[in-house]
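Undergrad: Submitted below is the structure of interest, expressed as structure tokens.
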Amino acid sequence: MERMYTLATIAHKLSASNRGRFVSEDTVMSWVRSGTLKAERVPNNKRGYGRYPYLVEEAHLVKVLQEKGYDITLIVPNAE
Numbered sequence: 005m006e007r008m009y010t011l012a013t014i015a016h017k018l019s020a021s022n023r024g025r026f027v028s029e030d031t032v033m034s035w036v037r038s039g040t041l042k043a044e045r046v047p048n049n050k051r052g053y054g055r056y057p058y059l060v061e062e063a064h065l066v067k068v069l070q071e072k073g074y075d076i077t078l079i080v081p082n083a084e
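The opening position of the sequence shown corresponds to residue 5 in my numbering, with each subsequent residue numbered one higher.
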């Protein structure tokens, strides 16, 4: 099964690891809204997913972050 990341986790890890480059949940959600980042909505009966209840597959996340110029090894340690 593919590992999944919440938008809150993505924002937190990017902000903590990219040399002071702050990334908010709103920024990550804007990537979802623009179609850059594909995410699936978490069912309404589940809680604890941050402000935006969406999940992103690891492989797709790695691809998008590489295109955006982020150091993905700090986000996904086993990546290239």
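Just so it is clear, CB atoms sit at the ideal spot from N, CA and C, and this is done for glycine as well. Keep in mind it's a predicted model, so treat the numbers as computed, not measured.
Under the assumption that Y58 contacts V36 (Cβ atoms under 8 Å), give the Cβ distance between them as a whole number of angstroms.
TA: Taking the sequence shown and counting its residues from 1, the one referred to as residue 58 is at position 54. Taking the sequence shown and counting its residues from 1, the one referred to as residue 36 is at position 32. Y58 to V36, Cβ: 6 Å. Contact.
Undergrad: Check whether the Cβ atoms of Y56 and L18 lie closer than 8 Å to each other.
TA: Walking along the sequence shown from the start, residue 56 turns up at place 52. Walking along the sequence shown from the start, residue 18 turns up at place 14. It is not a contact, given that the beta carbons lie outside the stated cut-off.
Undergrad: Helix, strand or coil for L59 per DSSP?
TA: Translated into positions along the sequence shown, residue 59 becomes position 55. Strand, per DSSP.
Undergrad: Put T10 into one of helix, strand or coil per three-state DSSP.
TA: The residue given as residue 10 occupies position 6 in the sequence shown. Correct three-state label for T10: strand.
Undergrad: In terms of residue numbering, what span does the alpha helix (DSSP H) encompassing D75 cover?
TA: Taking the sequence shown and counting its residues from 1, one reaches residue 75 at position 71. Element bounds for D75: n/a, residue is neither H nor E.
Undergrad: Going by DSSP in three states, R25 sits in which element: helix, strand or coil?
TA: On the sequence shown, position 21 is the one that residue 25 refers to. DSSP places R25 in coil when its eight states are reduced to three.
Undergrad: Report, in whole angstroms, the separation of the C-beta atoms of V66 and I14, which I expect to be a contact under 8 Å.
TA: Mapped onto the sequence shown, residue 66 falls at position 62. Mapped onto the sequence shown, residue 14 falls at position 10. That belief does not hold up - the Cβ atoms of V66 and I14 are roughly 11 Å apart, past 8 Å.
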